[in-house]
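What follows is a single structure, written as structure tokens, with notes after it.
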Amino acid sequence: MRIRRVLWIIIPLLLLAVLIGGGALAWLRLRPTAPARLLVTGGDSSLRLLEANGAERVLAEHALTSGYSFPATAPDGRTIAYVSRENGVSSIMLLDLATDRRRELYRSQEHVPIDLAWSPDGTYLVFLIGGQLTAQIVPADGSKPAQLIAAGSPSFFAWSPDSANLLLHLGGHTVQGGHLALFQPGQDQARPLLSDPGLFQAPAWSIDGSHFFYVAQPPIENDPPSLADLKSDIVRVTASGKEPLRLAREEQSDLRIIRSPTRDQIAYMVVGVAGFGPLKLVDDRGGAARVLSQPGARVTAFFWSPDGTQIAYLTHEGDFTPDGQRSWHVVDTASGTVRDLGSFMPSAAFAGLQIFFDAYTFSFSPWSPDGTQLAYGASDGVYVIDMASGSTAKRADGELAMWVGGR
101 MRIRRVLWII
111 IPLLLLAVLI
121 GGGALAWLRL
131 RPTAPARLLV
141 TGGDSSLRLL
151 EANGAERVLA
161 EHALTSGYSF
171 PATAPDGRTI
181 AYVSRENGVS
191 SIMLLDLATD
201 RRRELYRSQE
211 HVPIDLAWSP
221 DGTYLVFLIG
231 GQLTAQIVPA
241 DGSKPAQLIA
251 AGSPSFFAWS
261 PDSANLLLHL
271 GGHTVQGGHL
281 ALFQPGQDQA
291 RPLLSDPGLF
301 QAPAWSIDGS
311 HFFYVAQPPI
321 ENDPPSLADL
331 KSDIVRVTAS
341 GKEPLRLARE
351 EQSDLRIIRS
361 PTRDQIAYMV
371 VGVAGFGPLK
381 LVDDRGGAAR
391 VLSQPGARVT
401 AFFWSPDGTQ
411 IAYLTHEGDF
421 TPDGQRSWHV
431 VDTASGTVRD
441 LGSFMPSAAF
451 AGLQIFFDAY
461 TFSFSPWSPD
471 GTQLAYGASD
481 GVYVIDMASG
491 STAKRADGEL
501 AMWVGGR
């Protein structure tokens, strides 16, 4: 109990000090060869589809896009899930972009859904509700009502590539009662799997789904513990939680981990006692981690390119504030070459998303599907960076943009 009390103090100091201190037309039918479009959210509760030629189509006028109720595009790019808020009722709506047909999947006067995420095969939608951030799952065809599958705040999850397993990180650090659990569609509840999570948010699956990656806390022997007892091990285990292999260790650090979209490499960023730190890369067999960011960089978020050859990352300078100035950089993961792409003041939505960027891997990326552009929300609108020229152009008013189609 003494360990738990001390860690309840240490962990918030480590984490919060960093964050606080500082009829449909044919051209609308989304096919794999269709050009990518931007879905734009704004402060006016609207969702808009932005064409490459600048034309806009209003998709919804009562969309809730604040407080992490961001829309989520289905894997095939044909359907958007979003939260509607009208007359005190929150609903999860599905919108078919080709037919404009809408279907309600969930409705509540009490709870506002957040963190919407599609399963990779587009069969299910997972979301969180309530103060305890209970995880719910609902079939995308509306054949069944939403089902509670796990509870434990904070809640983070990751779908296996074949959509057969949902891995959940619930309740935080191990001394806070945190644990990892596994849910398979058709079960009543998630079942506990591992009880040693360290300081991190979302886990990640291997490419073939046979293993997953998470951050573990080694056994703490001192009572009471000190800050030095906090260690973050990036571990690879089998899908059943067996055969652990430590890939990297960071001392007194909170980590964010994301697997490459094309191979079993883990990129991770470090948040330590002194604040945000570097971006690193480690292979699934271990070995020394490589630093990818520039010397002294304070990385606040990062995003793999679709082909896995580059990572776009954000940094801050000076004292950290959640909505402070950010700078874009892109690193080639093979050569280590870094390009600097300019600075901006993030919109409220984009600033908020950065805090939990690893939790939105299944629903958001600033990269266009072909890897030629980066889209982001700034304080004065939505901008796009052309990767070939490095030039930046404003595309629309709004707070956040995500890509639709183009796959």
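Quick note on our numbering: the sequence shown kicks off at 101 and runs consecutively.
Just so it is clear, CB atoms sit at the ideal spot from N, CA and C, and this is done for glycine as well.
Taking DSSP as the reference, what is the three-state secondary structure of ALA412?
strand
Here's the rule I'm using: 16 or more other beta-carbon atoms within 10 Å means buried, otherwise exposed. How should PRO395 be labelled?
exposed
Contacts around GLY188, its chain only, beta-carbon distance under 8 Å, and the 5 residues preceding and following it disregarded:
GLN209
Kindly indicate which three-state DSSP category ILE180 falls into: helix, strand or coil?
strand
What residue ranges within the segment 375-419 form continuous alpha helix (DSSP H) runs of no fewer than 4 residues, ordered along the chain?
none
Taking the C-alpha atoms as reference points, what is the distance between PHE170 and LEU268?
20 Å
Starting from the C-beta of TRP127, find all residues in its chain whose C-beta is less than 7 Å away, skip the five residues before and the five after it, and write them out in chain order.
At TRP127, the pLDDT of 30 sits below 50, so the modelled position is not reliable and the matter cannot be decided from this model.
What residues match up with ALA496 in a beta bridge as DSSP calls it?
VAL482
Helix, strand or coil, according to DSSP, for ILE358 in the structure here?
strand
Quick one: what does DSSP say PRO132 is sitting in, helix, strand or coil?
Low confidence applies to PRO132: its pLDDT is 47, below 50, so where it sits in the model is not reliable, and the reading given next is rough at best. Coil.
Could you tell me which of GLU151, ARG185, VAL373 sits nearest to SER326, measuring between CA atoms?
VAL373
Are any of the Cβ atoms in chain C nearer than 8 Å to that of THR338?
The chain inventory of the structure shown lacks chain C, comprising one protein chain alone.
How is the alpha helix (DSSP H) around PHE450 delimited, first residue to last?
448-455
Is the Cβ-Cβ distance between ILE237 and ALA304 less than 8 Å?
no
Under three-state DSSP, which class holds THR274?
helix
At what residues does the beta strand (DSSP E) containing ILE54 begin and finish?
This structure gives no information on residue 54, because the portion of the chain shown stretches from 101 to 507.
How far does the beta strand (DSSP E) with PHE300 in it extend, from its first residue to its last?
PHE300 -> no beta strand (DSSP E), and no H or E assigned at all.
Using DSSP bridges, identify the partner residues of HIS269.
PHE256, LEU280
Take every Cβ of the segment 408-426, pair it with every Cβ of the segment 138-151, and state whether three or more of those distances are shorter than 8 Å.
no
Closest to SER447 by CA distance: which of GLY477, GLN276, LEU164 is it?
GLY477
For ALA160, does the three-state DSSP call read helix, strand or coil?
strand
Spatial neighbours of SER443 within its chain, please: C-beta separation below 8 Å, excluding the five flanking residues on both sides.
GLN425, ARG426, SER427, TRP428
Compute the Euclidean distance between the alpha carbons of VAL399 and ASN153, then round it to the nearest angstrom.
34 Å
So VAL315 packs on SER332, CB below 8 Å; how close in whole Å?
5 Å
Put LEU330 into one of helix, strand or coil per three-state DSSP.
coil
Less than 8 Å separating the beta-carbons of THR223 and SER263?
yes
As assigned by DSSP and simplified to three states, the class of TYR476:
strand
Simplified DSSP assignment, three categories, for TYR168
coil
Around the C-beta of LYS494, are 16 or more other C-beta atoms found within 10 angstroms, so that it is buried, or is it exposed?
exposed
Under 6 Å Cβ to Cβ from LEU294, same chain only, skipping five residues before and after it: list those, please.
LEU280, GLY341
Short of 7 Å in beta carbon distance, which residues of its chain neighbour PRO239, apart from the five on each side in sequence? Order them along the chain.
THR223, TYR224
Three-state class that DSSP yields for ASP215 in the structure shown:
strand
Simplified DSSP assignment, three categories, for ALA501:
strand
Environment of GLY252 [buried if 16+ CB atoms lie within 10 Å]
buried
Verify whether the separation of the beta carbon atoms of GLN301 and PHE456 is less than 8 Å.
yes
Candidates ARG137, ILE334, ASN322, ASP323: which alpha carbon is nearest HIS311's?
ILE334
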